[in-house]
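Beneath this line is the structure, given in structure tokens, with notes to follow.
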Amino acid sequence: MTRKTFFKESKELFRDGRVRITMIIVALLMGVSIWISARQYQNINEQYKVAKTSERVIWDSQGEKNPHSAAHYGTYAFKPKYPLSLVDQGVDKYAGTSIFLEAHKRNEAQFSAASDQTGLARFGDLTPDFMLLFMMPLIIILLGYNSFTKENEMGTLTLLKSQGISSWKWVLGKWAALFLPILILTTALFMVAGLILSNLKDFGVFDWSSLLWMYLIYTTYYIIFVNLILFISAKTKKSGISLVVSLSLWILSCLAIPKAASNIAEERYPYPTRQEFAANVLKDKKQGLDGHNPWSKEAKLLKENVLAEHGVDSLHKLPFNFDAYRMQKGEEHEAEIYFKHYNYLKDQFAKQSKVYKGMAVFSPYLPTRFMSMAIAHTDYGTHWDFSDAAENYRIATQKFLNDDFAENSAYGNWGYRADANFWKQLPAFKYSPPKLDTILSQNFSNLSILSYWLIGSFALLLFIKKM
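Quick note on our numbering: the sequence shown kicks off at -1 and runs consecutively.
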């Protein structure tokens, strides 16, 4: 019975001209979205390599210069473009791609792609994640909204009852017929993406296991929708009503609830404005050591402690340049301030994430979205991790420069210049995103919620009455 139902439903689907045209259009759109994303990925990676190489050449070519002048001259940390962003671009479009590293200040990432786009960009981009998250559930609705209602409307239900059909075999046959075309489209998309990425030069941290996990996440997402749409079709008497209810479910799951979650999270745990953040940082800076102000209370106290520690009565007798030492201590103090305030932002982000997870019980879209972005390294978690890595590199760079100034010059000798080859001794900035097992561990709650949705949606099918 299951096999007969499967073949019958499959023939009806593929004989329907509207379904064939829709599937062709979706396949073409997916192909175009992959091609566009692949081109963007290659272009951005080329720009990343050029910018990274050029910036390093500029840093190494400073010539003879005071190390602290080089600290203010600064350099850039560039965020790599990760291969699976070809499938899910996440927040990369809105997060900056580079951070300027300079003395005394922690800067935010700059040059986001969204800032360079026109107003038309607000209507959305044709990307694989848009197709996977929004369009595929609509295809499931189109294919399955009348799976059971058509039996009533066509009068075939009475005939099926007279044959004494098994209810679960009938449901299983319809389920398989509805899920098969979705599975084919999804598998084709991920296989094409994998083949493209594995054949690109320098495709970075891409590996098939990450792609497989993303494929499983989306497949689970579609199974949930298949189950829900079949349940709605079985519980409604007319196809029109089933279609309206199914579309309402899509609107709630993919649009309304995610937006409501965003609004609730921002209202309950708001971020400070840029002006408030800058004012709070400045207030804390004024209460501590300023490396450029030798007459402040904190600077005088540092001077007394250093003289006592080395058993001398004059800064000129110290075995290092106290000016550079004081500036390094000022850097360390300011770094602690920035860590304090940025940790507050991360705490707010963590609290907002909990709100999203709480709302995920009402929408399978949310855990799917977050898992997809995390695996693709295009989520805010990865962006925060990159920002912290850049800040740690900035702090290490300032220490590298100030220590050279302190160790190779005497107190008051601001005319000291480092050798032209000194800059090459600074290690290049490198960043590696979290590994797959770390990502899965950090997103265990999202995986659990998605699993509950899967089990719950299958449980709903058990409530379909025997025909």
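For glycine and all other residues, C-beta sits at the position ideal for the given N, C-alpha and C.
Excluding its 5 nearest sequence neighbours in each direction, GLY192 has C-beta neighbours in its own chain below 6 Å: LEU209, listed in chain order. Per DSSP, the continuous beta strand (DSSP E) segment holding TYR74 begins and ends at 73 to 76. According to the DSSP assignment, PHE132 belongs to no beta strand (DSSP E), since it is labelled neither H nor E. Just so you know, the alpha carbons of VAL85 and ALA25 end up roughly 15 Å apart.
The beta carbon of PHE109 lies closer than 7 Å to those of GLY94, THR95 and SER96 in the same chain, with the five residues before and after it left out. Contact between the stretch 404 to 423 and the stretch 312 to 328 is established, with three or more Cβ pairs separated by less than 8 Å.
Looking at the backbone, the Cα of PRO179 and that of ILE138 are separated by about 9 Å. Note that the stretch 218 to 236 touches the stretch 452 to 462; at least 3 beta-carbon pairs, one per stretch, sit closer than 8 Å.
When secondary structure is reduced to three states using DSSP, ILE447 falls in the helix class. A distance below 6 Å between beta-carbons, with the five flanking residues on each side excluded, links TYR336 to the following residues of its chain, in chain order: ARG104. Remark: fewer than three beta-carbon pairs, one from each stretch, lie closer than 8 Å, so the stretch 383 to 394 and the stretch 41 to 61 are not flagged as touching. Per the Cβ contact rule, the stretch 215 to 222 is not in contact with the stretch 61 to 71 (fewer than 3 Cβ pairs under 8 Å). Bridge partners of GLU100 according to DSSP: LYS103.
DSSP lists SER96 as the beta-bridge partner residues of GLN108. Within 10 angstroms of the beta-carbon of LEU99 lie 16 or more other beta-carbons, which makes it buried.
The beta carbon of PHE188 is closer than 7 Å to those of LEU209 and TYR213 in its chain, skipping five residues each way along the sequence. DSSP, read as helix, strand or coil, puts LYS63 in strand.
Every unbroken stretch of the alpha helix (DSSP H) spanning 4 or more residues and falling wholly within the stretch 284 to 334 is given here in chain order: 295 to 308. At the C-beta level, PHE384 and ASP402 stay beyond 8 Å of one another. Between VAL359 and TYR450, the alpha-carbon positions lie close to 9 Å from each other. With a threshold of 16 other beta carbon atoms within 10 Å, ARG367 meets it and is buried.
The beta carbons of THR271 and GLN87 sit no closer together than 8 Å.
Between GLU332 and HIS339, the alpha-carbon positions lie close to 11 Å from each other.
Here PRO256 is near SER361, since their CB atoms are less than 8 Å apart.
Looking from the CA of ARG266, the closest CA among TYR354, GLU274 and LYS233 belongs to TYR354. Within its own chain, the residues whose Cβ lies closer than 8 Å to the Cβ of LEU434, once the five positions on either side in sequence are excluded, are ASP205, SER207, SER208, TRP211 and ILE373, listed in chain order. A distance below 8 Å separates the beta carbons of THR234 and THR147. Within the model, the alpha-carbon separation for ASP311 versus GLN423 is close to 35 Å. Spatial neighbours of LYS50 in its own chain (CB-CB distance under 7 Å, excluding positions within 5 residues in sequence) are listed in chain order as PHE76. Counting along the chain, the unbroken alpha helix (DSSP H) around PRO179 starts and ends at 165 to 196. For LYS397, the enclosing alpha helix (DSSP H) covers residues 378 to 405.
Residue pairing from DSSP places ALA416 in a beta bridge opposite LYS63. The continuous alpha helix (DSSP H) containing GLN440 extends over residues 434 to 440. Under a 10 Å Cβ-count criterion, ILE215 is classified as buried, with 16 or more other Cβ atoms of the shown protein chains found around its own Cβ.
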